[in-house]
Structure formats: C-alpha cells, structure tokens
Amino acid sequence: MERALVRATETEIRSMVSTLRAAFPTHGITDSASAEMNVKLFVAALSVFPAWAVSEACRRVLEGRAGINTAFAPTPPQMAELCREIVSPFLEERAKITALLTAKVYTLPTDEERQRVADGLAALLEDLKRVPDDRKREVDIGKKELVDASSRLIKRQLALAGIHDGLPMSLDMRAKIAEMAMDKKYEDLLNAATERRQDMDQPIGGKDDKEGDGATRASDGEPASAGDVRDV
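Residues in the sequence shown are numbered consecutively from 1, following my numbering.
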C-alpha cells in the first residue's frame, strides 16, 4: 500500500503533462519560456500524487471522462482535483489498515485472574464492614475519657468548697452542686473581705479622740476653742 502511494518524480510528471498538452491547442503560450512556466506549474500541483494517479487523470482527460471542458487544455488545479479524486479511496483504505494495525488488543481475563479480583473485592468489603465498629470503639473510648475528666474536675471543686463527695448522685447533679458550692464559697469570701474593709476604715477611739485633741492644743499654748474652755 505504501509503495502504491509513493509520489511521482518531476521527470514522470513532465513526460505525462507534455503528452497531455500535445492533444490540446496552446492558448497564451507563445514561446519556450511560457511553455516551461506552464510545465513547472503542473509539476508543483501534481508532485504530491503517485505516478499512476497522474497517468490515470491524463487518460480520463484524453478520453473525455474527466468531467471538464475538452475544448481547452486542463489547468494545473483541474488536474490536481482529478488526481485527488482518483487517489482518495486508496488513502481511506490505508487509514483503515493503519488503524487496525495500531489498535490496542484486549484479551479476556482468565479464570485465575477473575478469582483474584473477586478475592480482592471480598477482602475490601470485609475491611469496609470493620470500619464502623472501629469508629464506634474510638467514640466510646473518647466518651469515657471525657466523663472521667469531668468527674475529676467536679471532685476537685467539691473538695475546694468543703463538701464531702460520698453521696450517690449523677454526674450532672455533682456538677450542679459543685457549681453552687463554689459560688457560695466565693460569696462568703467576698462578704468577709467587705467586713474587714469596713473595720479598717472605722476611726479608733471615736469621740474621746476629739476631746483629747482639744486638750493637747491647750497645753501647747494654742488658744482653745469655746467648747474646750467650757469643758475646763
């Protein structure tokens, strides 16, 4: 197939075109230079086709089977279109053969391969079934650790509040009692601090201090107030 599609040489094209042009009157070609230019145009247009396709195109033109006006010599584009029509079925056939030769080959799996795949799927399904159980165990462990930590915290709060933690009660009840105890202890501490502050702000001696101050001023030579003289 590849050998049949080998492109024609310039010599082959010149020979076939010269024979074809001899069968038609030459219009517009007055000298050898014009003739050479015309041949070069045919060579450029037909050099992509195999020699047998160019030969078949020339024969169809000479036999009047090309579908073109035979009153004039065919032009390079007309000959190229005719050659393309001739070689097109062969190009399509080559493309099909190439596709078949380069296609991937798929083989049916053997019984052993099918069994291996089935075993793998079964193992995967078994692993997927174990995942929820493992997850549940992790959640249960996490819950237990959280409850233990909360219980230890509540015991410390009850101990700080001075409450004995020996009564049977739920975790929520223990938490509420601990919170109330801590609030009560904080309130007692606040009241005690307030009373101590008030005691510190109270003047020492009261009225006696005022009288003592007046007597001291008199003994130091300072004039006593009317109240001081009256008391004396």
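The beta carbon of each residue, even a glycine, is placed where N, CA and C say it ideally should be.
Endpoints, the alpha helix (DSSP H) within which residue i is located
i           : result
residue 96  : 76-102
residue 2   : Segment: none, residue 2 is in no alpha helix (DSSP H) and carries neither H nor E.
residue 240 : Since the displayed the chain opens at 1 and closes at 232, residue 240 lies outside it and no answer follows.
residue 105 : Unbroken run through residue 105: none, as it is neither H nor E.
residue 38  : 32-46
residue 57  : 51-63
Neighbourhood of residue i by C-beta distance below 6 Å, restricted to the same chain and skipping five residues each side
i          : result
residue 5  : 50
residue 74 : 61 and 68
8 Å contact criterion, which residue i and residue j should meet: CB distance rounded
i          : j           : result
residue 47 : residue 7   : 6 Å
residue 79 : residue 45  : 6 Å
residue 76 : residue 108 : So it is not a contact: roughly 55 Å between Cβ atoms.
Same chain, Cβ closer than 7 Å to residue i, five either side skipped, listed in chain order
i          : result
residue 86 : 53, 56 and 57
residue 16 : 54, 55 and 58
Minimum Cβ-Cβ distance from residue i to chain B less than 8 Å
i          : result
residue 57 : Of the chains in the structure shown, none is chain B; there is only one protein chain.
Cα-Cα separation between residue i and residue j, rounded to whole angstroms
i           : j           : result
residue 140 : residue 127 : 20 Å
residue 82  : residue 66  : 7 Å
residue 39  : residue 104 : 47 Å
residue 106 : residue 99  : 15 Å
residue 89  : residue 95  : 10 Å
residue 32  : residue 9   : 22 Å
residue 116 : residue 93  : 42 Å
residue 13  : residue 102 : 34 Å
residue 70  : residue 37  : 22 Å
residue 3   : residue 43  : 20 Å
residue 130 : residue 97  : 53 Å
Contacting residues, own chain, Cβ-Cβ under 8 Å from residue i (five flanking each side not counted)
i          : result
residue 62 : 20 and 23
residue 18 : 39
The ligand SAM heavy atom lying under 7 Å from the CB of residue i
i          : result
residue 15 : Absence of the ligand SAM from the depicted structure is noted, as is the absence of any ligand whatsoever, leaving it without description.
Simplified DSSP state of residue i, which is helix, strand or coil
i           : result
residue 149 : helix
residue 141 : helix
residue 120 : helix
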